[in-house]
Amino acid sequence: MALALYVAAMVRCGYRDQGDGIEHRYEYAERLLQGVTSKGSQGQEQQTEDKETTTPAKVALKFQNLDKKRTAGGNTDSMLVGYAQLIVEGIVNENNMLQTEAIKSLGDVYLKRGTETRDTRDLTRATALYNTALARCNNVQVSVAIVHRLLYTAKIRQDITTKSIKKSTRTQRQQDVQKRKDHASPFSTATSSDNTNDRMRRPHSTPEVQKVETSTGVDDDIVYEEHLQDGCRALQTGDLDKAEQSFAAALKSVHIQGESKYEPGSKSFKVNACK
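Below you can see the structure in the form of C-alpha coordinates.
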(Lines of atoms letter the chains of each structure in order from A and count residues from 1; the text may use other names and numbers.)
(Lines give C-alpha, C1' and ligand atoms only; values in the text may rest on other atoms or scores of the structure.)
Protein backbone atom coordinates (compact mmCIF):
# COMPACT_ATOMS: atom_id res chain seq x y z
CA MET A 1 0.00 0.00 0.00
CA ALA A 2 2.84 2.40 0.84
CA LEU A 3 4.41 1.83 -2.59
CA ALA A 4 1.12 2.53 -4.31
CA LEU A 5 0.71 5.80 -2.43
CA TYR A 6 4.25 6.89 -3.25
CA VAL A 7 3.66 6.23 -6.96
CA ALA A 8 0.43 8.22 -6.91
CA ALA A 9 2.23 11.08 -5.16
CA MET A 10 5.05 11.09 -7.75
CA VAL A 11 2.54 11.34 -10.59
CA ARG A 12 0.78 14.34 -9.04
CA CYS A 13 3.86 16.13 -7.68
CA GLY A 14 4.68 19.40 -9.45
CA TYR A 15 7.95 20.20 -7.71
CA ARG A 16 11.24 18.53 -8.55
CA ASP A 17 12.68 18.53 -5.00
CA GLN A 18 9.55 16.99 -3.53
CA GLY A 19 9.44 14.47 -6.36
CA ASP A 20 13.00 13.39 -5.61
CA GLY A 21 12.11 12.94 -1.95
CA ILE A 22 9.10 10.81 -2.81
CA GLU A 23 11.19 8.70 -5.17
CA HIS A 24 13.74 8.05 -2.40
CA ARG A 25 10.95 6.92 -0.07
CA TYR A 26 9.60 4.67 -2.78
CA GLU A 27 12.98 3.02 -3.32
CA TYR A 28 13.48 2.54 0.41
CA ALA A 29 10.04 0.95 0.81
CA GLU A 30 10.74 -1.28 -2.18
CA ARG A 31 13.97 -2.51 -0.60
CA LEU A 32 12.13 -3.28 2.62
CA LEU A 33 9.49 -5.19 0.67
CA GLN A 34 12.11 -7.21 -1.18
CA GLY A 35 13.79 -8.09 2.11
CA VAL A 36 10.52 -9.36 3.53
CA THR A 37 9.51 -11.37 0.48
CA SER A 38 12.94 -12.96 0.19
CA LYS A 39 12.43 -14.66 3.57
CA GLY A 40 10.61 -17.96 3.28
CA SER A 41 10.28 -20.38 0.41
CA GLN A 42 6.62 -19.62 -0.16
CA GLY A 43 7.32 -16.08 -1.26
CA GLN A 44 10.09 -17.23 -3.61
CA GLU A 45 7.88 -19.87 -5.20
CA GLN A 46 5.11 -17.34 -5.74
CA GLN A 47 7.54 -14.88 -7.36
CA THR A 48 8.87 -17.58 -9.68
CA GLU A 49 5.34 -18.56 -10.62
CA ASP A 50 4.46 -14.94 -11.48
CA LYS A 51 7.52 -14.60 -13.71
CA GLU A 52 6.62 -17.77 -15.56
CA THR A 53 3.05 -16.67 -16.23
CA THR A 54 4.03 -13.12 -17.27
CA THR A 55 4.55 -12.73 -21.00
CA PRO A 56 4.91 -9.67 -23.24
CA ALA A 57 1.61 -10.53 -24.90
CA LYS A 58 -0.27 -10.51 -21.58
CA VAL A 59 1.34 -7.26 -20.56
CA ALA A 60 0.52 -5.68 -23.94
CA LEU A 61 -3.17 -6.48 -23.47
CA LYS A 62 -3.25 -4.42 -20.30
CA PHE A 63 -1.92 -1.39 -22.19
CA GLN A 64 -4.11 -1.75 -25.27
CA ASN A 65 -6.87 0.70 -24.33
CA LEU A 66 -4.56 3.31 -22.82
CA ASP A 67 -2.20 3.19 -25.79
CA LYS A 68 -5.13 3.76 -28.15
CA LYS A 69 -6.21 6.81 -26.15
CA ARG A 70 -2.68 8.19 -26.19
CA THR A 71 -2.40 7.74 -29.97
CA ALA A 72 -5.76 9.45 -30.50
CA GLY A 73 -4.72 12.38 -28.29
CA GLY A 74 -6.99 11.57 -25.36
CA ASN A 75 -7.17 13.33 -22.02
CA THR A 76 -3.70 13.47 -20.49
CA ASP A 77 -4.82 13.33 -16.86
CA SER A 78 -6.90 10.19 -17.38
CA MET A 79 -3.95 8.48 -19.09
CA LEU A 80 -1.62 9.43 -16.23
CA VAL A 81 -4.03 7.88 -13.74
CA GLY A 82 -4.44 4.76 -15.89
CA TYR A 83 -0.71 4.12 -16.20
CA ALA A 84 -0.22 4.83 -12.48
CA GLN A 85 -2.81 2.16 -11.69
CA LEU A 86 -0.88 -0.32 -13.82
CA ILE A 87 2.29 0.55 -11.89
CA VAL A 88 0.48 -0.18 -8.63
CA GLU A 89 -0.82 -3.45 -10.05
CA GLY A 90 2.69 -4.45 -11.07
CA ILE A 91 4.00 -3.64 -7.59
CA VAL A 92 1.25 -5.58 -5.82
CA ASN A 93 1.71 -8.63 -8.05
CA GLU A 94 5.51 -8.27 -8.08
CA ASN A 95 5.35 -8.13 -11.86
CA ASN A 96 8.54 -6.36 -12.90
CA MET A 97 7.68 -6.38 -16.61
CA LEU A 98 4.36 -4.65 -15.97
CA GLN A 99 6.03 -2.07 -13.74
CA THR A 100 8.69 -1.28 -16.32
CA GLU A 101 6.24 -0.87 -19.20
CA ALA A 102 3.86 1.25 -17.13
CA ILE A 103 6.63 3.58 -15.92
CA LYS A 104 7.98 3.89 -19.48
CA SER A 105 4.52 4.67 -20.84
CA LEU A 106 4.01 7.27 -18.12
CA GLY A 107 7.25 8.90 -19.27
CA ASP A 108 5.93 8.89 -22.85
CA VAL A 109 2.89 10.89 -21.76
CA TYR A 110 5.03 13.54 -20.09
CA LEU A 111 7.40 13.64 -23.08
CA LYS A 112 4.51 14.25 -25.48
CA ARG A 113 3.04 16.98 -23.31
CA GLY A 114 6.43 18.65 -22.77
CA THR A 115 7.13 18.63 -26.52
CA GLU A 116 3.78 20.25 -27.29
CA THR A 117 3.79 22.84 -24.48
CA ARG A 118 7.59 23.46 -24.55
CA ASP A 119 7.54 23.08 -20.74
CA THR A 120 10.86 21.67 -19.53
CA ARG A 121 9.27 20.53 -16.25
CA ASP A 122 7.38 17.82 -18.12
CA LEU A 123 10.61 16.80 -19.83
CA THR A 124 12.25 16.51 -16.40
CA ARG A 125 9.47 14.20 -15.23
CA ALA A 126 9.82 12.11 -18.39
CA THR A 127 13.57 11.77 -17.86
CA ALA A 128 13.11 10.69 -14.23
CA LEU A 129 10.54 8.06 -15.23
CA TYR A 130 12.71 6.71 -18.05
CA ASN A 131 15.66 6.36 -15.68
CA THR A 132 13.46 4.53 -13.18
CA ALA A 133 12.17 2.17 -15.87
CA LEU A 134 15.70 1.56 -17.13
CA ALA A 135 16.87 0.61 -13.64
CA ARG A 136 14.12 -2.02 -13.39
CA CYS A 137 14.35 -3.35 -16.94
CA ASN A 138 15.75 -6.86 -17.54
CA ASN A 139 15.14 -6.92 -21.29
CA VAL A 140 17.89 -5.71 -23.63
CA GLN A 141 15.56 -4.54 -26.41
CA VAL A 142 13.36 -2.61 -23.99
CA SER A 143 16.46 -1.06 -22.40
CA VAL A 144 17.64 0.16 -25.81
CA ALA A 145 14.21 1.68 -26.48
CA ILE A 146 14.32 3.51 -23.14
CA VAL A 147 17.82 4.85 -23.85
CA HIS A 148 16.59 6.20 -27.20
CA ARG A 149 13.77 7.98 -25.38
CA LEU A 150 16.25 9.51 -22.94
CA LEU A 151 18.40 10.82 -25.80
CA TYR A 152 15.39 12.22 -27.64
CA THR A 153 14.16 13.94 -24.48
CA ALA A 154 17.58 15.54 -23.99
CA LYS A 155 17.53 16.78 -27.61
CA ILE A 156 14.11 18.38 -27.19
CA ARG A 157 15.24 20.06 -23.98
CA GLN A 158 18.36 21.44 -25.70
CA ASP A 159 16.31 22.83 -28.60
CA ILE A 160 13.95 24.60 -26.21
CA THR A 161 16.84 26.05 -24.19
CA THR A 162 18.72 27.22 -27.31
CA LYS A 163 15.69 28.99 -28.77
CA SER A 164 14.98 30.64 -25.43
CA ILE A 165 18.56 31.98 -25.23
CA LYS A 166 18.44 33.30 -28.82
CA LYS A 167 15.14 35.04 -28.18
CA SER A 168 16.48 36.65 -25.01
CA THR A 169 19.64 37.82 -26.80
CA ARG A 170 17.66 39.30 -29.70
CA THR A 171 15.36 41.15 -27.31
CA GLN A 172 18.31 42.56 -25.36
CA ARG A 173 19.99 43.71 -28.58
CA GLN A 174 16.84 45.52 -29.70
CA GLN A 175 16.59 47.23 -26.33
CA ASP A 176 20.23 48.35 -26.55
CA VAL A 177 19.68 49.83 -30.02
CA GLN A 178 16.59 51.67 -28.82
CA LYS A 179 18.52 53.08 -25.85
CA ARG A 180 21.22 54.37 -28.19
CA LYS A 181 18.62 56.05 -30.38
CA ASP A 182 16.91 57.66 -27.38
CA HIS A 183 20.27 58.88 -26.08
CA ALA A 184 21.21 60.44 -29.44
CA SER A 185 17.92 62.30 -30.00
CA PRO A 186 18.66 65.46 -27.92
CA PHE A 187 22.10 65.78 -29.53
CA SER A 188 20.60 65.57 -33.01
CA THR A 189 18.09 68.33 -32.23
CA ALA A 190 20.73 70.66 -30.81
CA THR A 191 23.18 70.20 -33.67
CA SER A 192 20.42 70.74 -36.21
CA SER A 193 19.72 74.15 -34.68
CA ASP A 194 23.43 75.04 -34.60
CA ASN A 195 23.86 74.08 -38.25
CA THR A 196 20.93 76.31 -39.21
CA ASN A 197 22.59 79.30 -37.59
CA ASP A 198 25.90 78.34 -39.21
CA ARG A 199 24.34 78.36 -42.68
CA MET A 200 22.88 81.80 -41.99
CA ARG A 201 26.34 83.15 -41.09
CA ARG A 202 28.33 81.59 -43.95
CA PRO A 203 27.13 83.88 -46.81
CA HIS A 204 28.83 86.83 -45.07
CA SER A 205 32.26 85.12 -45.11
CA THR A 206 35.01 86.59 -47.24
CA PRO A 207 35.70 85.04 -50.69
CA GLU A 208 39.15 83.92 -49.59
CA VAL A 209 37.78 81.91 -46.67
CA GLN A 210 35.05 80.37 -48.83
CA LYS A 211 37.66 79.32 -51.40
CA VAL A 212 39.82 77.63 -48.78
CA GLU A 213 36.81 75.80 -47.41
CA THR A 214 35.91 74.58 -50.92
CA SER A 215 39.40 73.26 -51.71
CA THR A 216 39.82 71.42 -48.42
CA GLY A 217 36.26 70.18 -48.45
CA VAL A 218 36.86 67.85 -51.42
CA ASP A 219 39.46 65.78 -49.54
CA ASP A 220 37.39 65.89 -46.39
CA ASP A 221 34.36 64.58 -48.25
CA ILE A 222 36.31 61.56 -49.55
CA VAL A 223 37.51 60.61 -46.07
CA TYR A 224 34.06 61.30 -44.70
CA GLU A 225 32.43 58.96 -47.24
CA GLU A 226 34.90 56.15 -46.43
CA HIS A 227 34.23 56.33 -42.70
CA LEU A 228 30.52 56.66 -43.29
CA GLN A 229 30.35 53.54 -45.49
CA ASP A 230 32.39 51.60 -42.90
CA GLY A 231 29.89 52.64 -40.27
CA CYS A 232 26.94 51.58 -42.41
CA ARG A 233 28.44 48.16 -43.07
CA ALA A 234 29.14 47.67 -39.36
CA LEU A 235 25.58 48.71 -38.56
CA GLN A 236 24.19 46.14 -41.02
CA THR A 237 26.25 43.35 -39.43
CA GLY A 238 25.15 44.33 -35.93
CA ASP A 239 28.58 45.63 -34.78
CA LEU A 240 27.26 48.72 -33.02
CA ASP A 241 30.58 49.67 -31.38
CA LYS A 242 32.44 49.75 -34.69
CA ALA A 243 29.59 51.64 -36.34
CA GLU A 244 29.72 54.30 -33.63
CA GLN A 245 33.49 54.66 -34.01
CA SER A 246 33.25 54.98 -37.81
CA PHE A 247 30.52 57.62 -37.62
CA ALA A 248 32.55 59.57 -35.07
CA ALA A 249 35.61 59.43 -37.36
CA ALA A 250 33.48 60.62 -40.28
CA LEU A 251 32.28 63.62 -38.31
CA LYS A 252 35.80 64.41 -37.15
CA SER A 253 37.17 64.33 -40.73
CA VAL A 254 34.89 67.16 -41.85
CA HIS A 255 35.14 69.26 -38.70
CA ILE A 256 35.69 72.92 -39.68
CA GLN A 257 36.43 75.71 -37.20
CA GLY A 258 34.91 73.86 -34.25
CA GLU A 259 31.70 72.95 -36.08
CA SER A 260 30.75 70.20 -38.51
CA LYS A 261 28.47 70.37 -41.48
CA TYR A 262 27.96 66.58 -41.31
CA GLU A 263 26.96 66.19 -37.70
CA PRO A 264 23.91 64.03 -36.95
CA GLY A 265 20.74 65.97 -37.61
CA SER A 266 22.25 68.26 -40.25
CA LYS A 267 20.94 68.28 -43.80
CA SER A 268 24.24 67.02 -45.28
CA PHE A 269 24.41 64.13 -42.87
CA LYS A 270 20.88 63.02 -43.66
CA VAL A 271 21.50 63.16 -47.40
CA ASN A 272 24.78 61.24 -47.38
CA ALA A 273 24.24 58.77 -44.53
CA CYS A 274 24.19 55.08 -45.58
CA LYS A 275 23.29 55.57 -49.24
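Position 222 (the sequence shown) corresponds to 222 in this note's numbering; numbering is contiguous. Beta carbons: idealized from backbone N, C-alpha and C, even for Gly.
Query: Roughly how many angstroms lie between the CA atoms of Q172 and D239, to the nearest whole one?; Result: 14 angstroms
Query: Given a cut-off of 7 angstroms, decide if K68 and M79 are closer than it, judged by their beta-carbon atoms.; Result: no
Query: Less than 7 angstroms separating the beta-carbons of V59 and L98?; Result: yes
Query: Excluding the five sequence neighbours on either side, which residues of its own chain have a C-beta within less than 7 angstroms of the C-beta of A243, listed in chain order?; Result: G231, A234, L235
Query: Between which two residues does the alpha helix (DSSP H) containing D239 stretch?; Result: No alpha helix (DSSP H) contains D239, which DSSP labels as neither H nor E.
Query: Could you tell me whether the Cβ atoms of L111 and A126 are closer together than 7 angstroms?; Result: yes
Query: If I'm right that A133 touches G114 with Cβ under 8 angstroms, what's the distance once you round it to whole angstroms?; Result: That belief does not hold up - the Cβ atoms of A133 and G114 are roughly 17 angstroms apart, past 8 angstroms.
Query: At what residues does the alpha helix (DSSP H) containing N96 begin and finish?; Result: 96 to 117
Query: Using the Cα positions of A154 and I160, report the straight-line distance between them to the nearest angstrom.; Result: 10 angstroms
Query: Beta-carbon separation of D136 and T100 under 7 angstroms?; Result: In the sequence as presented, Asp is not what sits at residue 136; that position holds Arg. In this structure, T100 lies closer than 7 angstroms to R136 by Cβ.
Query: Taking DSSP as the reference, what is the three-state secondary structure of C232?; Result: helix
Query: Could you tell me which of K104, G21, N131, V92 sits nearest to Y83, measuring between CA atoms?; Result: K104
Query: For I222, tell me which candidate among Q245, V88, A249, Y130 has the shortest Cα-Cα distance.; Result: A249
Query: Grab me the residues of V294's own chain with a C-beta within less than 8 angstroms of its C-beta, minus the 5 sequence neighbours each way, in chain order.; Result: For the chain, the structure presents residues 1 to 275; residue 294 sits outside this window and is missing.
Query: Apart from the five residues just before and just after T120, which ones in its own chain have a Cβ nearer than 8 angstroms to its Cβ?; Result: G114, R157, I160, T161
Query: Given this structure, state the Cα-to-Cα distance separating V144 from T55, to the nearest angstrom.; Result: 19 angstroms
Query: Per DSSP, what kind of secondary structure is T55 in: helix, strand or coil?; Result: coil
Query: V109 to T76, Cα distance in whole Å?; Result: 7 angstroms
Query: Please list the terminal residues of the continuous alpha helix (DSSP H) segment that includes G74.; Result: Careful: G74 lies outside any alpha helix (DSSP H) and carries neither H nor E.
Query: By alpha-carbon positions, which one of E89, F63, N95 ends up nearest to N138?; Result: N95
Query: Compute the distance between the beta-carbons of L86 and A72, then report whether it is under 7 angstroms.; Result: no
Query: Report the three-state DSSP secondary structure of N138 (helix, strand or coil).; Result: coil
Query: Going by alpha carbons, who is nearest to R118 out of L251, L150, K163?; Result: K163
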